[in-house]
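Numbering (the numbering used here), first residue to last: 12 to 288. Just so it is clear, CB atoms sit at the ideal spot from N, CA and C, and this is done for glycine as well. One structure below.
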Ligand code: FE
Ligand code: FE
Ligand code: ZN
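Written out as structure tokens, the structure is:
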């Protein structure tokens, strides 16, 4: 069975969010650890967290994903900006442990003129300061589109971060279909070739999650603009091959497509479930 869900808001509580996922036909989902633009996190309601955890088990959910705020820059030039990213991510990991969420996804940052090598060193150093065996949560590096001075826009860049992490069992990857396509990996015409490259450079055993998004721009545009499934440059046929691919089909997929209403996600989830063979 395809494991699929969408990005949801925890504003009505964690258990309620998981119940919403069920109502949409989802068996996984993703949510922001805190306001995606700001730093303030509501204090964790432990009763609600335990209720969500029990519900997810009882309903046989696939693993879910917590997403770091996308405004953090883990390789910023300014020490204050980097320290802020570190504080937020360390706190998020404590929250993930309390919520028993298995995966925490983040964007590896933008080097803004410092050069990719410095960005990679700084991101890895930050990870080395926050990873510990006090948490079971695995931190996922998201594959990026390479927009501006983003690092993580190539498999080699992601691998270079992983290589510098001490706690190898605490680090993995989340592949975003829109990002890799706009980074120049042709998942439309050569999905097998892209996955072979991923396996050779990073290792498919590091891949724990996928973000399923169509793209607004063409292959290699280095823009980060998502489109609804089937309404972008990736297209339905490619998504059919992605969700059925033997190397991917058991993994959880999460939609981050631009929709206003939840029923549009329900429709997209149903469409993708119909496509699975
Ligand atoms: Fe992301
Ligand atoms: Fe994403
Ligand atoms: Zn994106």
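- With contacts defined by Cβ atoms closer than 9 Å, residue 244 and residue 225 form a contacting pair.
- In its chain, beyond the 5 residues on either side, 97, 100, 101 and 104 have a beta carbon closer than 7 Å to the beta carbon of residue 141.
- For residue 117, no alpha helix (DSSP H) encloses it; the enclosing beta strand (DSSP E) starts and ends at 114–117.
- Between the C-alpha atoms of residue 246 and residue 18 there is a straight-line separation of about 20 Å.
- Under the DSSP assignment, residue 90 falls in the alpha helix (DSSP H) whose first and last residues are 90–110.
- Straight across, the Cα-Cα distance linking residue 143 with residue 181 is about 8 Å.
- C-alpha of residue 185 to C-alpha of residue 174: approximately 16 Å in a straight line.
- By the Cβ-count criterion, residue 187 is buried, with 16 or more other Cβ atoms from all chains shown falling within 10 Å of its own Cβ.
- Distances between the C-beta of residue 122 and the heavy atoms of ligand 1 are all 8 Å or more.
- Annotated three-state conformation of residue 198 is coil, per DSSP.
- By the neighbour-count definition (other C-beta atoms within 10 Å, threshold 16), residue 71 is an exposed residue.
- Residue environment analysis places residue 12 among the exposed positions, since fewer than 16 neighbouring C-beta atoms fall within 10 angstroms of its C-beta.
- Its chain contains 139 as the residues whose beta carbon lies nearer than 7 Å to that of residue 177, once the 5 sequence neighbours on both sides are disregarded; these appear in chain order.
- Residues 255 of the same chain have their beta carbon placed closer than 6 Å to that of residue 288, with the five preceding and five following residues left out of the count.
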